[in-house]
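Colleague: Residue 353 is where the sequence shown starts when you use the working numbering, and the numbers rise one by one after that.
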Amino acid sequence: MRRQARAYGDLMTFNTSQLSRVSRSYLLALAALAAVLLAACSTPQPPAPSVTSVSVTAPATLVAGRTAQALADVVVTNGASTDVDWSTSDATVATVSSTGLVAALADGDVTITATSRFDATKSGSVDIAVSNVLRGATVLYYVDDLVGTDAALTALNDAAARFDAVVVQTDDANFVADLEDEPDLVVYLRQDDDGIPDDAEVALLDWVDNGGALVFTSWDYFGTDVATQLAAMEAVATGSENYSSMEVEEPALGAGLSTSTISVVNPDDMWGTFSMGLQATGGGVELAHFYDGAPELTTGAALVSGNGGKTMVIGFLSDTVDGIDGARLLRNIFEYVMLAALP
């Protein structure tokens, strides 16, 4: 019995000693883990990306019909995105594109806002006052002949309505007298008769020389009087004619078009010459070019802007561009020159 008891006691002693060693190992492991965790917690973590501020700059005033680029300055830390979304407080006064291009439409005050895409709580704004300085402007319109409906007059009326301007129609007998009333824009489309009447020729040259705004076309570009008029408008005829399409390259003239390629069609085969290639001279700028039959883009310009934008020579007759895009192109041409003529 004593031997059994001693054996049992030895067993108890062994088990207790073993448990003690296991406990110490466990505690040491826990201590090591705690040390690792503590070290991990004490390692500095990089700060999170954030947007500090958004500010917007743009012109304080803008004329209806013109555009301006708004710019967003986004201050960020640690690589946050600088992308913004643009918005307008009143789309009837001015719109803004996804790139911040502001288009002024009508009288009024508007707020243009840029909001951070990374942090929608951060935004910046700018106030713009839009004014319609063309309200009450007058446009003198002359055309000697055309086929079908007068798309140019319709387009001109649309442009005038946008700015609350007035269109005055005239003819050979009254043109010079009406020009003496000093309209804000003259549209002179000599599409059928040869040359320009002598009194109108002198009046038009004086008009351009004195800084007047003029949109002009004629089939007879090699007549001396027409060639002289073109020279005053910083353009010359190339000698090539009767193109059937053109590429509009100036963004302002392409606004609202479904395509930048516009067909030029001889209505009812009425005209012997219905489109004429042009070339800019002096300070003139070529804004559209004709395609040949291939079709390949040619050096023959379809539109030439001159005199700082105050004049525009059209290398096609007004009744050769039809449909919605043709009408919109004519309207854009008239608006382009009206706005360029502003002080």
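Every residue gets a Cβ at the ideal spot worked out from N, C-alpha and C, and that includes glycine.
Computed from a predicted model, the values in this text were never measured in an experiment.
Taking C-alpha atoms, which residue in G678, P695, A693 and V578 lies nearest to T501?
Modeller: Taking only the C-alpha atoms, the option nearest T501 is G678.
Colleague: How many angstroms separate the CA atom of M364 from the CA atom of P399?
Modeller: Low confidence applies here, because M364 scores a pLDDT of 44, under 50, leaving its location unreliable and the question unanswered by this model.
Colleague: Is it right to say D435 is buried, meaning 16 or more other beta carbons lie within 10 angstroms of its own, or is it exposed?
Modeller: Answer is exposed; the Cβ neighbour count stays below 16.
Colleague: Less than 8 Å between the beta carbons of V415 and V528, yes or no?
Modeller: No, the pair does not count as a contact, with Cβ atoms beyond the cut-off.
Colleague: Rounded to whole angstroms, what is the Cα-Cα separation between V616 and E593?
Modeller: When rounded, the distance between both Cα atoms is 11 Å.
Colleague: Just the C-alpha distance for D524 and G417, rounded to the nearest angstrom, thanks.
Modeller: When rounded, the distance between both Cα atoms is 32 Å.
Colleague: Counting beta carbon pairs with one atom in the segment 405-415 and one in the segment 443-456, are three or more of them shorter than 8 Å?
Modeller: Judged by Cβ distances under 8 Å, the segment 443-456 makes contact with the segment 405-415, as three or more pairs qualify.
Colleague: Between which two residues does the alpha helix (DSSP H) harbouring R542 extend?
Modeller: From DSSP, R542 is part of no alpha helix (DSSP H) but of the beta strand (DSSP E) over L537 to R542.
Colleague: Exposed or buried, which one is E534 when buried takes at least 16 other CB atoms within 10 Å?
Modeller: The residue in question, E534, is exposed, as its Cβ has fewer than 16 Cβ neighbours within 10 Å.
Colleague: So, V656 versus E586, is the Cβ gap smaller than 8 Å?
Modeller: It is a contact, given that the beta carbons lie within the stated cut-off.
Colleague: Specify whether the segment 490-506 and the segment 541-548 touch according to this definition: at least 3 beta carbon pairs, one from each stretch, less than 8 Å apart.
Modeller: In short, these stretches touch, since the Cβ pair count reaches three.
Colleague: Ignore the nearest five residues each way along the sequence and tell me which others in D551's own chain have a CB closer than 6 Å to its CB.
Modeller: Closer than 6 Å at the Cβ level, and outside the excluded window around D551, lie V528.
Colleague: According to DSSP, S405 sits in a beta bridge with which residue or residues?
Modeller: DSSP output for S405 lists V427 as bridge partner(s).
Colleague: For the candidate residues T613, F642 and V637, whose alpha-carbon lies nearest to that of S627?
Modeller: Looking at the Cα atoms, F642 is the closest of the given residues.
Colleague: Cβ of V428 within 8 Å of Cβ of S402?
Modeller: Their beta carbons are under 8 Å apart, which means V428 touches S402 by this criterion.
Colleague: Please classify S627: does DSSP put it in a helix, a strand, or coil?
Modeller: Of the three classes helix, strand and coil, the one that applies to S627 here is strand, per DSSP.
Colleague: Can you name, in chain order, every residue of its own chain whose Cβ lies under 6 Å from the Cβ of F686, other than the five neighbours on each side?
Modeller: So the list reads L508 and A511, once near-sequence residues are dropped.
Colleague: Considering just the uninterrupted stretch of the alpha helix (DSSP H) at G678, what are its terminal residues?
Modeller: Segment G675 to A692, the alpha helix (DSSP H) holding G678.
Colleague: Per DSSP, which residues does F515 bridge with? Please list them.
Modeller: Partner(s): none; F515 has no beta bridge.
Colleague: Within 10 Å of its beta-carbon, does F668 have 16 or more other beta-carbons around it, so buried, or fewer, so exposed?
Modeller: Burial call: buried.
Colleague: Just the C-alpha distance for P695 and L639, rounded to the nearest angstrom, thanks.
Modeller: Their Cα atoms are separated by approximately 22 Å.
Colleague: Which partner residues does G658 have in the DSSP bridge list?
Modeller: Looking at the DSSP assignment, G658 forms a beta bridge with T663.
Colleague: Tell me whether S441 sits in a helix, a strand or coil according to DSSP, three-state version.
Modeller: Here S441 sits in coil by DSSP.
Colleague: Return the CA-CA distance between P549 and T440, expressed in angstroms with no decimal places.
Modeller: Taking the straight line joining both Cα atoms gives about 50 Å.
Colleague: Keeping to the same chain, check which residues put their C-beta closer than 6 Å to that of L531; ignore five residues upstream and five downstream.
Modeller: For L531, where only same-chain residues beyond five positions count, the Cβ hits under 6 Å are A555.
Colleague: Considering only DSSP beta bridges, list what G563 is partnered with.
Modeller: For G563, which the question treats as bridged, DSSP gives no partner whatsoever.
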